[in-house]
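Structure record follows, encoded as C-alpha cells.
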Amino acid sequence: MSRWVTRVVRPVLWAGSALPFLWLVRGAVQGNLGTDPVETIQKVTGLSALSFLLGSLAVTPLRQLTGWNVLNRLRRSLGVTAFAYALLHAFSYFVFDQELSPVGITQDVVKHPWVLAGFSAFLLLIPLAATSTGGMVRRLGGKRWQRLHRLVYVAAVLAVLHFLWLVKRDVTLPLYYIAALAILLAARFIPRRRAEAAAAALAGR
Amino acid sequence: MLIRHPDDFPSRQITDERLFQDRRAFLAAVGGAALVAMPVENLLAASRKLARAAQDKLTPYEAVTTYNNFYEFGTDKSDPAANSKDFRTRPWTVQVEGEVKKPATYAYDDFVRGFTPVERVYRHRCVEGWSMVVPWMGIPLASVIARLEPTSRAKFIEFTTILDPKQMPGQRANILPWPYVEGLRMDEAMNPLTLLVTGVYGKPLLPQNGAPLRLVVPWKYGFKGGKSIVNIRFSEAQPRTTWNIAAPNEYGFYANVNPSVDHPRWSQAKERRVGEFFKQPTLMFNGYGDQVASLYTGMDLRKHF
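Going line by line, the protein sequences match chains A and B. According to our numbering, the first sequence holds residues 9 to 213 in order. According to our numbering, the second sequence holds residues 2 to 306 in order.
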C-alpha cells in the first residue's frame with residue numbers, strides 16, 4: 009500500500025498538478041488565452057493555488073476517516089503545488105498589474121483589504137514551502153515543524169477572503185471554497201476517538 | 002513675391018503609409034536625432050498623441066461580442082454570448098412615459114424611424130478595471146429626446162431593460178434586483194456624446210451587447226449603459242438605479258470614470274485594454290473631459306461618485 013502510494017499515486021499527482029500550468033502554456037503558445045489573457049492567467053493560477061491548498065488540508069481528515077496513514081505522503085506534494093501556483097499568481101500581479109513598482113504594490117496592499125489578504129496569504133506560504141524538504145523537517149524537528157506549518161490555516165482563511173472580496177457581485181464560487189474550508193477545519197475538531205470509530209465502521213463495511 | 006502653387010505639399014513630403022504604420026519603430030529609430038532637432042515639448046506632445054492613437058486601436062469584433070457583462074444572461078463574461086443565442090429582439094416595443102408630452106408605446110421600427118445612425122468610436126471603461134475601444138452605431142440620445150418632447154418637469158431620464166426570465170437565465174437568480182434600471186440627468190442625456198446604440202462595427206447589435214437598443218455613455222463606467230431597453234421614463238426625481246440599490250457604497254448614480262476616486266475595494270487609477278498585458282492610466286471622464294466636465298462644475302465628485 010505505502011509503496012503503491014509513493015510509486016504510483018504520488019507521480020500521478022505530480023503530473024496532474026502540472027495540468028493547469030500546461031494548459032496555460034499551451035494557451036500562451038497558441039495565443040488563445042481568451043480576450044483578456046492576464047485575467048485568464050490570474051484566474052487559473054489563483055483557483056489552482058486555492059484548490060491545491062484545500063487539497064493539502066483534506067489529507068488529515070481523510071487519513072483519520074480511512075486510517076490510511078500513507079496519505080500523509082501526499083500532503084507535502086499538494087502543499088508545494090499550491091505554493092507554486094500562488095507564486096505564479098503573485099508574479100503575474102507584480103509584473104502585469106504593478107510593473108514591479110514597489111510603491112505601486114505597497115499602496116495597493118495598504119489600501120485594499122482583498123489585496124492585503126492575498127498578499128499576506130502568499131507571504132505566509134513562503135516559510136512553509138521553504139521548509140517542505142525532508143531535510144528541513146529533520147532539522148526543525150517534528151514538533152517545531154508542525155507548529156510552523158499551522159500557519160497554513162491562517163493562509164487558507166486569508167486566501168478565501170481574498171477571493172470573496174475581489175468578486176463584484178456573484179459570490180457563488182468563493183462561497184463554495186469557503187464552505188469546503190469550513191468543513192476541512194471543522195473536521196479537525198472531531199475528537200480522534202470518534203474519528204477512529206468512524207474509520208473502524210468504514211473499514212468493517 | 003510668394004507664389005502659391007496648388008500643390009503646396011509635394012507628394013514626397015506626405016508620409017509613406019507603411020512608414021506611418023510603423024511609426025513607433027520609426028520614432029524609436031529617429032528618436033535620437035529628433036531629440037536634438039526638435040523642442041522637447043513638441044516631441045513629447047507628438048509622441049503622446051501617437052501613443053494615445055496606438056492605445057486606442059479598435060478592440061476586435063470577436064472580443065466585443067464575446068466578452069462583456071450582461072448579468073441577465075449570467076455573471077461570467079462569456080455567458081452573454083453563450084446564453085443569448087435564441088434571444089428574440091423582434092417584435093420589440095419601447096414604452097415612453099412619465100414627464101413627456103407624448104407618452105406612447107412604440108414598435109421598435111417606429112421608434113427609430115427617420116433617424117440616421119452615426120458611427121462613434123468610443124473608449125469603454127468597465128468599473129472592474131478593463132476597457133475596450135468600440136465602433137458603435139447609434140442615434141444621439143438628444144435627437145430622440147427632442148422628438149419625444151419631455152415636459153419642463155423632466156429632470157432625469159430612466160431606462161429599463163426587458164424583464165424576461167424565460168429568455169434570460171440570469172434573471173432567475175437574485176444576483177441583482179430585476180429589471181435592470183439605469184438613468185441620467187437630463188443635461189447628461191442631452192450631451193452630444195450620449196448615444197442610443199443600435200449597432201456595432203457597422204452591423205446590427207447582437208443580443209449579448211444589448212440588442213436591439215442600448216445606451217452608451219462613454220465618460221461613465223460601462224454599467225451605466227442599460228441594455229435591451231423596453232422603457233424610457235422621464236421623471237422629476239432621480240431614478241433608483243440597479244447597482245446603486247444593490248451596493249450604494251460601491252456604485253453611485255453618476256459613476257463617472259474617475260481615476261482619483263477608487264472603488265471602495267479596488268483602485269480605479271489604471272485600466273487594462275483587453276488583450277494587452279500591461280495597464281494604462283485611466284483618464285478623467287475616460288478622456289472626454291473637454292465635452293463633459295462642465296456638467297459637473299461645483300460638484301464634489303468624491304461625494305457624487
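Positions of the beta carbon are idealized from the N, C-alpha and C atoms, including for glycine. Note that the structure is predicted; figures quoted are calculated from it, not measured.
Please report the residue range of the beta strand (DSSP E) in which residue 138 of chain B lies. 131 to 141
Provide the residue(s) that pair with residue 282 of chain B in DSSP beta bridges, ordered along the chain. B/271
Does chain B have any CB closer than 9 Å to the CB of residue 68 of chain A? no
Under 7 Å by beta carbon: chain B residues contacting residue 176 of chain A: 129
Does DSSP put residue 183 of chain B in a helix, a strand or coil? strand
Note down, in chain order, each residue of its chain lying with its Cβ closer than 7 Å to the Cβ of residue 272 of chain B, except the 5 sequence neighbours on either side. 126, 130, 131, 132, 280, 281 and 283
Note down the Cα distance separating residue 139 of chain B from residue 173 of chain A, rounded to an integer number of angstroms. 37 Å
Who are residue 38 of chain A's beta bridge partners in DSSP? Looking at the DSSP assignment, residue 38 of chain A forms no beta bridge with any residue, so it has no partner.
Which of the three DSSP states is assigned to residue 287 of chain B in this structure? helix
Which same chain residues end up closer than 7 Å to residue 70 of chain A when comparing Cβ atoms and leaving out the 5 residues on each side of it in sequence? 79
Spatial neighbours of residue 198 of chain A within its chain, please: C-beta separation below 7 Å, excluding the five flanking residues on both sides. none
Write down the C-beta distance between residue 120 of chain A and residue 268 of chain B rounded to the nearest angstrom, noting that I regard them as a contact closer than 8 Å. 7 Å
With distances taken from CA atoms, which of B/304, B/147 and B/97 is nearest residue 1 of chain B? Limits of chain B in this structure are 2 at one end and 306 at the other, which puts residue 1 of chain B out of reach.
Neighbour list for residue 267 of chain B in chain A, Cβ cutoff strictly below 7 Å: 120
Taking buried to mean at least 16 other C-beta atoms within 10 Å of its own C-beta, is residue 102 of chain B buried or exposed? exposed
Please go through the same chain and pick out, in chain order, the residues whose beta-carbon is closer than 8 Å to the beta-carbon of residue 189 of chain A, but skip the five residues on each side of it. 62, 65, 164, 165 and 168
Given a limit of 9 Å on CB to CB distance, which residues of the stretch 42 to 61 of chain A reach chain B? 42, 43, 44, 45, 46 and 47
Can you pull the chain B neighbours of residue 104 of chain A, defined as C-beta to C-beta under 7 Å? 278 and 279
Would you list, in chain order, the members of the stretch 58 to 79 of chain B that have their beta-carbon closer than 7 Å to a beta-carbon of chain A? 64, 67, 68 and 76
Figure out for me which residue from B/155, B/104 and B/194 has the closest Cα to the Cα of residue 288 of chain B. B/194
Taking the Cβ atom as the reference point for each residue, do residue 44 of chain A and residue 76 of chain B lie within a distance shorter than 9 Å? no
Which residues DSSP lists as bridging residue 126 of chain B, in chain order: B/132
Out of curiosity, what's the CA-to-CA distance linking residue 114 of chain A and residue 123 of chain A? 10 Å
What runs of the beta strand (DSSP E), each 3 residues or longer, lie entirely inside the stretch 48 to 124 of chain B? 94 to 99 and 105 to 108
Is there at least one Cβ from chain A nearer than 9 Å to residue 176 of chain B's Cβ? yes
Are the CB atoms of residue 183 of chain A and residue 161 of chain A nearer to each other than 9 Å? no
Using a threshold of 9 Å, state whether the C-beta atoms of residue 85 of chain A and residue 25 of chain A are closer than that. yes
In the structure shown, what three-state DSSP assignment does residue 237 of chain B receive? coil
Since residue 197 of chain B is in the beta strand (DSSP E), which residue starts that stretch and which ends it? 196 to 201
Coil, strand or helix - residue 155 of chain A by DSSP: helix
Within 10 angstroms of its Cβ, does residue 1 of chain B collect 16 or more other Cβ (buried), or is it exposed? As shown, chain B starts at 2 and ends at 306. That puts residue 1 of chain B outside it, with no answer to give.
For residue 83 of chain A, I'd like the list of residues in its chain whose CB is within less than 8 Å of its CB, leaving aside the five on either flank, ordered along the chain. 64, 67 and 68
Could you tell me if residue 265 of chain B is buried or exposed, where buried requires 16 or more neighbouring beta carbons within 10 angstroms of its beta carbon? exposed
In the structure shown, what three-state DSSP assignment does residue 6 of chain B receive? Caution is warranted here: a pLDDT of 44 is assigned to residue 6 of chain B, below 50, making its placement in the model unreliable, and the coordinate value is therefore given only provisionally. In this structure, residue 6 of chain B counts as coil in the three-state DSSP scheme.
Along the chain, where does the beta strand (DSSP E) containing residue 103 of chain A start, and where does it finish? First-last for residue 103 of chain A: undefined, no H or E at that position.
Beta-bridge pairing of residue 216 of chain B - partner residues as DSSP gives them: B/197
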